[in-house]
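S.K.: When you line the sequence shown up against the working numbering, it's residues 15 to 222, in that order.
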Amino acid sequence: AQPQLTADWVRRQLAAGWHLMPIWVGPQPWHSTSTGLSTDPSEADDQGREAAEGAAAAARALGLPAGTPLYADLENYTDRDTWDAPVVAHLTAWTVRLHELGYHAAAYVSASSGAKALSAHYAQAPQAMPDVLWVARWNGAASVTDADLGLPSGTTQWSGPRRAHQYQGDHDATYGDETINIDRNWVDVAPTALTPLPTVTPPGRRLP
Numbered sequence: 015a016q017p018q019l020t021a022d023w024v025r026r027q028l029a030a031g032w033h034l035m036p037i038w039v040g041p042q043p044w045h046s047t048s049t050g051l052s053t054d055p056s057e058a059d060d061q062g063r064e065a066a067e068g069a070a071a072a073a074r075a076l077g078l079p080a081g082t083p084l085y086a087d088l089e090n091y092t093d094r095d096t097w098d099a100p101v102v103a104h105l106t107a108w109t110v111r112l113h114e115l116g117y118h119a120a121a122y123v124s125a126s127s128g129a130k131a132l133s134a135h136y137a138q139a140p141q142a143m144p145d146v147l148w149v150a151r152w153n154g155a156a157s158v159t160d161a162d163l164g165l166p167s168g169t170t171q172w173s174g175p176r177r178a179h180q181y182q183g184d185h186d187a188t189y190g191d192e193t194i195n196i197d198r199n200w201v202d203v204a205p206t207a208l209t210p211l212p213t214v215t216p217p218g219r220r221l222p
């Protein structure tokens, strides 16, 4: 836990005009009994709803207003045959449950895995897709084009101010007298411009 992350700190940053990108690190696409995402899409769906409930509770405790996009951090994976279906089930359940709880949903994924999985299933249930897509692709390009995010050329997926791009990975940066190791991101996200939260009925079945 980060002891400096308090409701008072959040209030002061919002009052100063900063936009926050709250990240929730839930189960990941690797085989682990403690931190792993289930390979069973039905169980991954349940994990997505549970993660959304935990994230929403934390957001409320920090005073983050309703409608704030909450980001599910889902790291890269290489075995797409195993993980694509549970990843999509997890993130769509995350989205639906966050909408029910009054928050927008967002996802941090890799261009070579999670972004491709979500894009391939987008047409099946666009209303259950994360409202904002934050893609890691370390190509050095400070932009959010389709190519930068690994999306089909000319797509309308996540169009408008609903994209972010992590374009540079771990590196040292110095600000004043302090040097820290960071990633760099280009963000084109306007929470106030996102579609008002709909009334969502939880789906009766998971996405395949």
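Yeah, the Cβ is synthetic: ideal placement off N, Cα and C, and Gly gets one too.
Please state the DSSP three-state secondary structure of tryptophan 152.
M.R.: Reading the sequence shown from its first residue, position 138 is the one you call residue 152. Here tryptophan 152 sits in coil by DSSP.
S.K.: Consult DSSP for threonine 188 and reduce its assignment to one of helix, strand or coil.
M.R.: On the sequence shown, residue 188 is found 174 positions in, with the first residue counted as 1. Of the three classes helix, strand and coil, the one that applies to threonine 188 here is strand, per DSSP.
S.K.: Skipping 5 residues on each side, what residues in its chain have a beta carbon closer than 6 Å to that of glycine 116?
M.R.: Taking the first residue of the sequence shown as position 1, residue 116 is located at position 102. So the list reads Ala80, once near-sequence residues are dropped.
S.K.: Verify whether the separation of the beta carbon atoms of leucine 163 and arginine 176 is less than 8 Å.
M.R.: In the sequence shown, the residue the question calls residue 163 occupies position 149. In the sequence shown, the residue the question calls residue 176 occupies position 162. Contact flag unset, no.
S.K.: Where does serine 124 fall in DSSP's three states?
M.R.: Sequence index remark: in the sequence shown, residue 124 carries index 110 (1-based). The answer is strand: DSSP assigns serine 124 an E or B state.
S.K.: Determine the closest residue to glutamine 180 out of Tyr189, Ala156, Ala187 and Gly174, with distance taken between C-alpha atoms.
M.R.: Counting from one through the sequence shown, the residue named residue 180 turns up at place 166. Per the Cα distances, Ala156.
S.K.: Give the DSSP-derived three-state secondary structure of glutamine 180 in the structure shown.
M.R.: The residue given as residue 180 occupies position 166 in the sequence shown. Three-state result, glutamine 180: strand.
S.K.: On the DSSP bridge list, what partners appear for valine 39?
M.R.: What you label residue 39 is simply residue 25 of the sequence shown in a count that begins at 1. Paired residue(s): Asp87.
S.K.: DSSP beta-bridge partners for leucine 147?
M.R.: Here residue 147 refers to the residue found at position 133 when the sequence shown is read from its first residue. DSSP lists Ala121 and Arg177 as partners of leucine 147.
S.K.: Taking the Cβ atom as the reference point for each residue, do aspartate 197 and glutamine 182 lie within a distance shorter than 8 Å?
M.R.: The residue you call residue 197 lines up with position 183 of the sequence shown. The residue you call residue 182 lines up with position 168 of the sequence shown. Yes, they are a contact pair.
S.K.: Using only alpha-carbon positions, find the residue among Leu105, Val201 and Pro140 that is nearest to alanine 150.
M.R.: Here the question's residue 150 lines up with position 136 in the sequence shown. It is Val201.
S.K.: When DSSP labels each residue in this structure, what does aspartate 197 get in the three-state scheme?
M.R.: Reading the sequence shown from its first residue, position 183 is the one you call residue 197. In this structure, aspartate 197 counts as strand in the three-state DSSP scheme.
S.K.: How many angstroms separate the CA atom of leucine 19 from the CA atom of serine 46?
M.R.: Here residue 19 corresponds to residue number 5 of the sequence shown, with the count starting at 1. Here residue 46 corresponds to residue number 32 of the sequence shown, with the count starting at 1. Answer to the nearest angstrom: the Cα atoms are 28 Å apart.
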